[in-house]
Amino acid sequence: MIKAKKKKLTARELISKALIYAALIIFALWVLLPFSLVFLTSFKGIIEANSLDFTWWPKEFTFQGYEKVLEYDMGTAYEGVPLIISGFINTLWIVIPPTILGLFSSAISAYAFSKLRFKLRDKMFSLLLATMMIPGTILLTPTFIIYNQIGWVNTPFPLMIPGMFGAATCVFFMRQFYSGIPSELIEAAEIDGMNYFGIFFKIMVPLSVPALLAQALLGFIGGYNDYLGPLIYLQDPEMYTLQIAMNQLKSYFAGRNVPAMMAATVISIIPTIVLYIIAQKRFVEGVATSGMKV
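So the sequence shown is numbered by our numbering: it starts at 1484 and just counts up by one.
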């Protein structure tokens, strides 16, 4: 059996690769160093964390910061449950429904814009893209007035209902993905008597699982990190999401317990890190294929 000879890299290619790896390492350190500082500080004692004699590594590991965070239950929605856990639970039931239903709305809209032929299709899609150019802050005042008039302020509805109708960004990316699927598959399904919904659920959805998961992950993280929306619409402390709870913890511990603040930050970050690690392969695959032709 003849072994394929490995192609030798030229000096220019070696230098190019070395520069690329060096840039990636620098970027990784740029991202990881602040997080590592937060993580390690969360295990320090109060005196050590406030000391002017800075040390990167804790002289003595302690979980006092985490204990303080998990003891704080002022304003919690559930009796005996720490505020940060209460905020996490509230965030999940506010974010998950619009993420799932919004993904369905966006995907089926993208399928229509990509594969169906109807009047004013392209103009409607252009109008949809134009909405992406409008800064969300411009609409804060009018939407608040509307939601206040219909009694939605201090309820989770303003944070949930609009998202259930999809997002222009998600429609755009999913349309790009569906445009790469050969139309012959759809034509063959139509010949077999399959209707539009059958084609969508039995052909388009299975083929677009990576892209759907990528958009679901992005949508979930966007809702999970949302601070402005809950700050405006949620007034009852028992309804606070994780980000609002984090702000309350920050106000309580600021200047008094730095390790507790860092511990709260670590706890809030862990779910998104775990979620990304689980879905990493699908996420990268979905993003990479959203703009490619199959």
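Cβ atoms here follow ideal geometry from the backbone N, Cα and C, with glycine treated the same way.
Same chain, Cβ closer than 8 Å to residue i, five either side skipped, listed in chain order
{"i": "Ile1523", "result": "The sequence as given places Leu at residue 1523; Ile does not occur at that position. Excluding positions up to five away in sequence, the list reads Trp1539, Trp1540 and Pro1541."}
{"i": "Ala1672", "result": "Gly1681, Ile1682, Lys1685 and Ile1686"}
{"i": "Ile1579", "result": "Phe1703"}
{"i": "Ile1567", "result": "Val1552, Leu1553, Tyr1555, Leu1725, Ala1728, Met1729, Leu1732, Ala1747, Ile1750 and Ser1751"}
{"i": "Ile1633", "result": "none"}
{"i": "Leu1695", "result": "Leu1586, Ala1590, Met1657, Val1688 and Gly1769"}
{"i": "Leu1599", "result": "Tyr1679"}
{"i": "Ile1583", "result": "Ala1699"}
Nearest-angstrom beta carbon gap, residue j and residue i [assumed within contact, 8 Å]
{"i": "Ile1529", "j": "Val1741", "result": "7 Å"}
{"i": "Leu1657", "j": "Ala1590", "result": "Note that residue 1657 corresponds to Met in the displayed sequence, not to Leu. 5 Å between Cβ atoms; contact."}
{"i": "Pro1581", "j": "Gly1646", "result": "3 Å"}
{"i": "Ile1664", "j": "Leu1690", "result": "6 Å"}
{"i": "Gly1570", "j": "Ala1743", "result": "That belief does not hold up - the Cβ atoms of Gly1570 and Ala1743 are roughly 15 Å apart, past 8 Å."}
Neighbourhood of residue i by C-beta distance below 6 Å, restricted to the same chain and skipping five residues each side
{"i": "Val1521", "result": "Met1745 and Thr1748"}
{"i": "Trp1635", "result": "Pro1641"}
{"i": "Gly1774", "result": "At Gly1774, the pLDDT of 49 sits below 50, so the modelled position is not reliable and the matter cannot be decided from this model."}
{"i": "Ser1780", "result": "Since the first and last residues shown for the chain are 1484 and 1777, residue 1780 lies out of range."}
{"i": "Tyr1710", "result": "Gln1726"}
Pairwise C-alpha distance: residue j and residue i
{"i": "Ala1532", "j": "Thr1545", "result": "12 Å"}
{"i": "Asp1536", "j": "Pro1625", "result": "51 Å"}
{"i": "Leu1611", "j": "Arg1604", "result": "11 Å"}
{"i": "Thr1614", "j": "Phe1587", "result": "20 Å"}
{"i": "Lys1551", "j": "Ile1761", "result": "30 Å"}
{"i": "Phe1660", "j": "Asn1637", "result": "38 Å"}
{"i": "Pro1565", "j": "Lys1527", "result": "21 Å"}
{"i": "Pro1639", "j": "Gly1705", "result": "16 Å"}
{"i": "Trp1513", "j": "Ser1666", "result": "45 Å"}
{"i": "Leu1700", "j": "Leu1497", "result": "36 Å"}
{"i": "Ile1756", "j": "Phe1518", "result": "12 Å"}
{"i": "Met1616", "j": "Asn1631", "result": "26 Å"}
{"i": "Gln1698", "j": "Thr1652", "result": "9 Å"}
{"i": "Ser1734", "j": "Met1677", "result": "58 Å"}
{"i": "Asn1708", "j": "Ile1674", "result": "46 Å"}
{"i": "Phe1601", "j": "Tyr1561", "result": "51 Å"}
{"i": "Leu1736", "j": "Leu1515", "result": "Per the sequence presented here, residue 1736 reads as Phe, with Leu not at that position. Spanning the two alpha carbons is a distance of roughly 24 Å."}
{"i": "Thr1559", "j": "Tyr1759", "result": "28 Å"}
{"i": "Gly1563", "j": "Phe1627", "result": "33 Å"}
Close-in-space but distant-in-sequence residues of the same chain around residue i (CB under 7 Å, 5 per side omitted)
{"i": "Ser1592", "result": "Gly1649 and Val1654"}
{"i": "Lys1764", "result": "none"}
{"i": "Ser1597", "result": "Arg1658, Tyr1661 and Ser1662"}
{"i": "Ile1644", "result": "none"}
{"i": "Ile1485", "result": "Confidence in Ile1485 is poor, its pLDDT being 49 and thus under 50, which makes the residue's placement too unreliable to answer from."}
Proximity test, residue i beta-carbon vs the ligand MG heavy atom, cut-off 7 Å
{"i": "Ile1750", "result": "With respect to the ligand MG, the structure offers nothing, as it holds no ligand at all."}
Original post:
Using 8 Å as the threshold, is the stretch 1571 to 1581 in touch with the stretch 1719 to 1726, meaning 3 or more CB pairs across them?
Top reply: Yes: at least three Cβ pairs fall under 8 Å.
Subject >> Touch test, the stretch 1506 to 1515 against the stretch 1710 to 1719, Cβ-Cβ under 8 Å, three pairs minimum >> reply: Not touching, per the Cβ criterion.
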